[in-house]
Amino acid sequence: MKLQDFRSAAIGQALRPNVWDIAALILVVGAMVLIVYGGEQTTAPLSELELTPVSLDPSKLPFYALRTTLRMLLAIVCSTIFTFAYAAIAAKSRRAEMVMIPLLDILQSVPILGFLTFTVVFFMNLFPGQVMGAELASVFAIFTSQAWNMTFSMYQSIRNVPKDLEEATQSFHLSVWQRFWRLDVPFAMPGLIWNAMMSMSGGWFFVVASEAITVGNTTVTLPGIGSYVAMAIQQQNLSAIFYAILAMLFVIIAYDQLLFRPIVAWADKFRFEQTASGEAPTSWMLDLFRRTRALRTLTRPFAAVNRMVSNLRIPLPKLSRAGSNMGSRPSRLVDALWIAVILAGTGYAAWLTYRYLSASLDLSDVFIVIRDGLITLLRVIVLISIATLIWVPIGVWIGLRPKLAERVQPLAQFLAAFPANLAFPVFVFIIVHYGLSANIWLSPLMILGTQWYILFNVIAGASAFPTDLREAAGSFHLGGWRWWFKVILPGIFPYYITGAITASGGSWNASIVAEVASWGETHLQATGLGAYIAMATEAGDFPRVVLGIATMCIMVTLFNRLLWRPLYAFGERRLRLG
């Protein structure tokens, strides 16, 4: 009886809330209230958007910021689920990789306007007459600006898991599911989190297009910061743009402090190294929840469920990169059949596209779009080269200093989130006032948001660089250029390639926004594939939209196959840890 009383007292003590429980409860309840309130607005009829149009009144910005934030959070959740499934299959199966990675290159290169062109009507028809259809179209558009670089990051991490860790999982006879949940996901976590932050910021870059949707005769304007910015640009309202920047800054700081910094601090335990990290990242939010008493006790069932799920021996098919175990001849035969199926599917898709385009376009249109594509390609190469020279040294310097990374993190997110549209007033004024060439001086807008993919991935690579290797380099007195070329650049190379691939694809995507700039009645247009697609989309010229998107997909895929993929394979083959 006394033992039972002792247990009851212990349970009562564990469930007795402290002051940290109260603070945490206020945060949790507040977040739930905001989510429910914002979610209720999506069930309204579509006519409600016309009755309450977007206003430039600054008092409306908190509500607009809430709606935009909820769309981006839903998109990042969908992107995470997509990343786990897609990256794992592509990394584990050689035959699946032959299709999935080129397809990912193509998906990354399809501009957000290309997705909107063909998905707005689909989602609107799913929920006719309701705001929900337009909301889903907007969330899907944001998803397409977030998912690809997260998937590339996890794919790169799974492919570069150290061999000694792989051998350990085989020694413990872990199932495919247990290996994925206990090894692949933890090892990929540091890079994935930094790319998730970049993805969240990248969603802001296209938030104007995703909330102020115009495709041909279809126009949908959802309440949000993006539509607020679109109206401010149309009305040349500089004060409204300033208020929008402040709102963006507040939201970015909020989800940095409440979401990403706690996750970064929590994920530090997944760093791959044999010595302790010099400085661990911290988070007041994570510390707050760790100091709670009742809340931590109530979450123990969820931890137990997580342990149970991670220990399950789910009979998943074992995907092998080495091919079939039945010998080389059957494997080569299956490979040949698989490649034939891929080529047949690609040829059929190309034939359908040719039939559709040849009905209204001729060979001269093809020459024009190829010329524009080569011009945009030249811009991408120059801008990525400049961004590499600038941000790789800075990213290494930040990533090797966790405390500095904590301070820089929200600033980098804000700069990455800064939509090119907000820079239109400055660029348009300077170009018009000084009579500059739009073909040259609109180009920086392409890299304005995508250069941060390189910075974030380099920071992630430097942060994940094992401390024992840094100490070994110090023991051998490696310094200066030797340290850069023998130690840190090989260590971050896979991360840099991941960032460069996504930055390159993102620059092509950003050309849709950057090569056509407007400020009030002043419109500037540079020659390029982005401007070609943007003008065709605005005119509702679907054949030219398809031709422009197809050309962009082909060029990006060839660029990746001829440059980035060989470099990626070199890093995986020669610069892998373990």
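Take the position in the sequence shown, starting the count at 1, then add 3; the result is the number in the working numbering.
Using N, Cα and C, we set each Cβ at its ideal position, and we do this for glycine too.
Values in this document were obtained by computation on a predicted structure and should not be read as measured data.
Annotation for residue 510: 382, 383, 386, 387, 449, 450, 453 place their beta carbon closer than 8 Å to its own, counting only its chain and skipping 5 residues before and after. Here DSSP, grouped into helix, strand and coil, assigns residue 436 to helix. Between the C-alpha atoms of residue 158 and residue 133 there is a straight-line separation of about 38 Å. Taking residue 490 as reference, the option from 514, 98, 464 with the minimal CA-CA separation is 464.
In this structure, the alpha-carbon of residue 88 lies about 30 Å from that of residue 409.
Rounded to the nearest angstrom, the gap between the Cα atoms of residue 535 and residue 123 is 21 Å. Closest option to residue 444, judged by alpha-carbon separation, among 455, 429, 70: 429.
One alpha carbon belongs to residue 24, the other to residue 394, and they sit about 42 Å apart.
Approximately 5 Å separates the beta-carbon atoms of residue 145 and residue 206; this is inside 8 Å, confirming the contact. In the structure shown, residue 154 adopts helical secondary structure according to DSSP, grouped into three states. Around the beta carbon of residue 214, 16 or more other beta carbons sit within 10 angstroms, so the residue counts as buried. For residue 521, the enclosing beta strand (DSSP E) begins and ends at 519 to 522. In this structure residue 377 is exposed. Its beta-carbon is surrounded by fewer than 16 other beta-carbon atoms within 10 angstroms.
In the DSSP assignment, residue 525 falls within the unbroken beta strand (DSSP E) covering 525 to 528. A Cβ-Cβ distance of about 37 Å is found for the pair residue 560 and residue 435, leaving them out of contact under the 8 Å criterion.
The residue from 460, 163, 32, 183 with its alpha-carbon nearest to that of residue 92 is 183. Under DSSP, residue 224 forms a beta bridge with 215. The beta-carbon distance between residue 192 and residue 94, rounded to whole angstroms, is 15 Å. This is too long to meet the 8 Å contact definition.
Residue pairing by DSSP places residue 48 opposite 133 in a beta bridge. A direct Cα-to-Cα measurement between residue 362 and residue 554 gives close to 17 Å. Looking from the CA of residue 64, the closest CA among 355, 245, 425, 390 belongs to 245.
Close CB contacts of residue 390 within its chain, under the 7 Å cut and outside five residues either way in sequence, are with 450, 454, 457, 506 (chain order). Residue burial annotation: residue 474 is exposed, with fewer than 16 other C-beta atoms found within 10 angstroms of its C-beta. Contact between residue 143 and residue 136 is ruled out by a C-beta separation of about 11 Å, above the 8 Å threshold.
Under the 8 Å Cβ criterion, the stretch 284 to 292 does not count as touching the stretch 306 to 316, having fewer than three qualifying pairs. For residue 478, there are no CB contacts under 6 Å within the same chain when 5 residues up- and downstream are skipped. In the three-state reduction of the DSSP assignment, residue 60 falls in the coil class. Annotation for residue 432: 522 place their beta carbon closer than 8 Å to its own, counting only its chain and skipping 5 residues before and after. Under the 10 Å beta carbon count, residue 98 is surrounded by 16 or more other beta carbons and is classified as buried.
Below 8 Å, too few C-beta pairs join the stretch 492 to 507 and the stretch 535 to 549 to call them touching: fewer than three.
Using a Cβ distance threshold of 7 Å, residue 413 and residue 248 do not count as a contacting pair. Taking the CA atoms as reference points, residue 81 sits about 29 Å from residue 169. Residue range 264 to 270 is occupied by the alpha helix (DSSP H) that includes residue 269. Residues of the same chain with their beta carbon placed closer than 6 Å to that of residue 299 are lacking, with the five preceding and five following residues left out of the count. The DSSP-derived three-state label of residue 468 is coil.
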